[in-house]
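Below: the structure, in structure tokens.
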Amino acid sequence: MSARGAGLTTVLAGTLIDGSGHDPRHHVQITITGDTITSITDGHDVPAGSSVFDARHLTVMPGLIDSHVHLAMVPKGLEDRLQTPYSLQVAETLVNARLTLEAGVTTVRDAGGMPRGTKLAIERGMFPGPRARISVGALSQTGGHGDSTTRSGVRLRADSADAPMSEHPWTVADGVDEVRKGVRELIRAGADQIKMMTSGGVMSPGSEPGRPGFSIDEITAIVNEARAAGRTTMSHAQASVGIMNAVKCGVDSI
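First residue of the sequence shown: 72, per our numbering; consecutive thereafter.
See the structure below:
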């Protein structure tokens, strides 16, 4: 989220849920210095020189955390996706980030699609949005969930082997050596965690949700390579085999 600076802000809260498990408090005052909450007191007694946010008719609570979002995704048909410039997709991502923050979500884990530049723009206060941990992309086996190649052979994404300068590395990989390289390329692109597809899905051509994705050896290599770089792992897994393979190989989040 963008920084306020060193000013003083007072929030007059009708009801406060502080997230500790304690009962809600009513008619309280929250004092914020810069970006830090410095006091929570009963009653409404605004300090001199403080700006005021009047929320006496509202309930105030800590920001929410959404652990699975795709801020770069906008529902579109095939033709619209093919006609969307990458620069427009970046703008759409920033709009989605603002809407997410306005909905009360202050931290997200983006599970694929959000590029590093949009995260940096939010961190630097250039655009409003939640704090973000990004995956950049998601590793997929050839023909698996995440392989954007259509049945006609057209790749829906410009971030492919044909566009090596893209912020999004091509994430289709097969075999231990390729998946290790895929992890390294995602980390180079700014990934905070490594996402992989250990089962098929419903939104990719030729991919069946009930079928596993990646072998045990490949998943293990992804996990080990990510851990060596201090990254956690997460897995798309809709089928029981894909879920169990992820568990056996030590994937952190499913």
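A virtual CB, placed ideally from N, CA and C, is assigned to each residue, including glycine.
Name the one or two DSSP bridge partners that ARG298 has. Counting from 1 along the sequence shown, the entry for residue 298 is found at position 227. Looking at the DSSP assignment, ARG298 forms no beta bridge with any residue, so it has no partner.
Neighbourhood of GLY90 by C-beta, 6 Å cutoff - its chain only, sequence neighbours within 5 removed: As a working mapping, residue 90 is identified with position 19 in the sequence shown. Hits under 6 Å: PRO133.
Roughly how many whole angstroms lie between the Cα atoms of SER121 and VAL131? Stepping through the sequence shown from its first residue, residue 121 is reached at position 50. Stepping through the sequence shown from its first residue, residue 131 is reached at position 60. The straight-line gap from Cα to Cα measures roughly 19 Å.
Reduced DSSP category for ILE136 - H, G, I as helix; E, B as strand; rest coil: Here residue 136 is taken as the residue at index 65 of the sequence shown, counted from 1. Three-state DSSP puts ILE136 in a strand.
At least three beta-carbon pairs within less than 8 Å, the segment 122-129 to the segment 175-188: no
Considering only C-alpha positions, which residue in the set GLU296, HIS139, GLU173, GLY214 is nearest to GLY277? Against the sequence shown, residue 277 aligns to sequence position 206. The shortest C-alpha separation from GLY277 is found at GLY214.
Is ALA74 helix, strand or coil by DSSP? For this step, residue 74 is matched to residue 3 along the sequence shown. A caution first: ALA74 carries a pLDDT of 46, below 50, which makes its placement in the model unreliable, though a value can still be read off. The answer is coil: DSSP assigns ALA74 none of H, G, I, E or B.
Residues that THR155 bridges to, as DSSP identifies them: Taking the sequence shown and counting its residues from 1, one reaches residue 155 at position 84. According to DSSP, THR155 bridges with nothing at all.
What is the C-beta distance between HIS216 and GLY271, in whole angstroms, given that I count them as a contact (C-beta under 8 Å)? Locating residue 216 in the sequence shown gives position 145, counting from the first residue. Locating residue 271 in the sequence shown gives position 200, counting from the first residue. That belief holds up - the Cβ atoms of HIS216 and GLY271 are roughly 5 Å apart, short of 8 Å.
Where does the unbroken beta strand (DSSP E) through LYS266 begin, and where does it stop? Residue numbering aside, residue 266 sits at position 195 when the sequence shown is read from its first letter. Counting along the chain, the beta strand (DSSP E) containing LYS266 begins and ends at 264-268.
Give the range of the beta strand (DSSP E) segment to which ARG180 is assigned. Taking the sequence shown and counting its residues from 1, the one referred to as residue 180 is at position 109. That run of the beta strand (DSSP E) goes 176-181.
Beta bridge counterpart(s) of VAL123 as assigned by DSSP: The residue given as residue 123 occupies position 52 in the sequence shown. BP columns for VAL123 point to THR81.
Range covered by the alpha helix (DSSP H) that runs through ALA317: Position 246 of the sequence shown holds residue 317. Its alpha helix (DSSP H) spans residues 311-320.
Helix, strand or coil, according to DSSP, for MET305 in the structure here? Sequence index remark: in the sequence shown, residue 305 carries index 234 (1-based). DSSP places MET305 in strand when its eight states are reduced to three.
Report the three-state DSSP secondary structure of ALA260 (helix, strand or coil). Start at 1 with the first residue of the sequence shown, and residue 260 comes out as number 189. ALA260 falls in the coil class under three-state DSSP.
8 Å contact criterion, which GLY200 and LEU165 should meet: CB distance rounded: Position 129 of the sequence shown, counted from the first residue, corresponds to residue 200. Position 94 of the sequence shown, counted from the first residue, corresponds to residue 165. That belief holds up - the Cβ atoms of GLY200 and LEU165 are roughly 7 Å apart, short of 8 Å.
Extent of the continuous beta strand (DSSP E) to which THR109 belongs: Here residue 109 corresponds to residue number 38 of the sequence shown, with the count starting at 1. Where THR109 is concerned, the enclosing beta strand (DSSP E) stretches over 107-113.
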